[in-house]
Amino acid sequence: MRRFLLLYGFLLTTLVTHAQSTADIQKTIIDLEQIGVNGILTADTNLLAQIWAPEFMVTTPRNTIALNRAAVFKNQKQGLIDYSSFERVIEQMQVQENLVITMGY
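Numbering (our numbering), first residue to last: 13 to 117.
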């Protein structure tokens with residue numbers, strides 16, 4: 013996870029430092045988000061462990077809350093989470109110096 017976060021930080025710092033346009037930054041973030049989508053679709057827990065913080069929290073497909081990354085992985089191993097499709101839709105993105113905030117579903 014630290015490697016991926018460092019990659020995010022380095023990438024964002026590089027993008028801001030080189031004064032790329034907001035559109036370029038948004039495209040990069042969309043590409044990085046797709047890495048997570050692919051990890052979810054393939055149930056690649058090694059990849060997801062690198063990009064999700066241990067305290068990652070999410071509402072599950074059964075409308076319960078997985079309180080951390082380990083709970084999500086446990087649900088996957090029990091067969092409670094098995095996506096045949098998954099789409100991440102970013103409705104808004106805000107670029108603030110060396111931070112990008114996304115929201116959507």
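From the three backbone atoms N, C-alpha and C, an ideal C-beta is built for every residue, glycine too.
- Following the DSSP letters along the chain, one finds Leu111 inside the beta strand (DSSP E) bounded by residues 111 to 116.
- Along the length of the stretch 25 to 75, whole beta strand (DSSP E) runs at least 3 residues long do not occur.
- Excluding five sequence positions before and after Leu79, the CB atoms of its chain that fall closer than 7 Å to its own CB belong to Met69, given in chain order.
- Note: Val101 is not bridge-paired with any residue in the DSSP secondary-structure output.
- Under DSSP, Gln106 takes part in a beta bridge, and its partners are Ile113.
- For Ala78, DSSP records a beta bridge to Val70.
- Under a 10 Å Cβ-count criterion, Leu60 is classified as buried, with 16 or more other Cβ atoms of the shown protein chains found around its own Cβ.
- Taking Thr114 as the centre and dropping the five residues before and after it, the same chain places the C-beta of Ile102, Met105 closer than 6 Å to its C-beta, in chain order.
- Beta-carbon to beta-carbon, Val84 and Ile37 are separated by about 28 Å, too far to satisfy the 8 Å threshold.
- Close CB contacts of Ile52 within its chain, under the 8 Å cut and outside five residues either way in sequence, are with Leu60, Tyr95, Phe98 (chain order).
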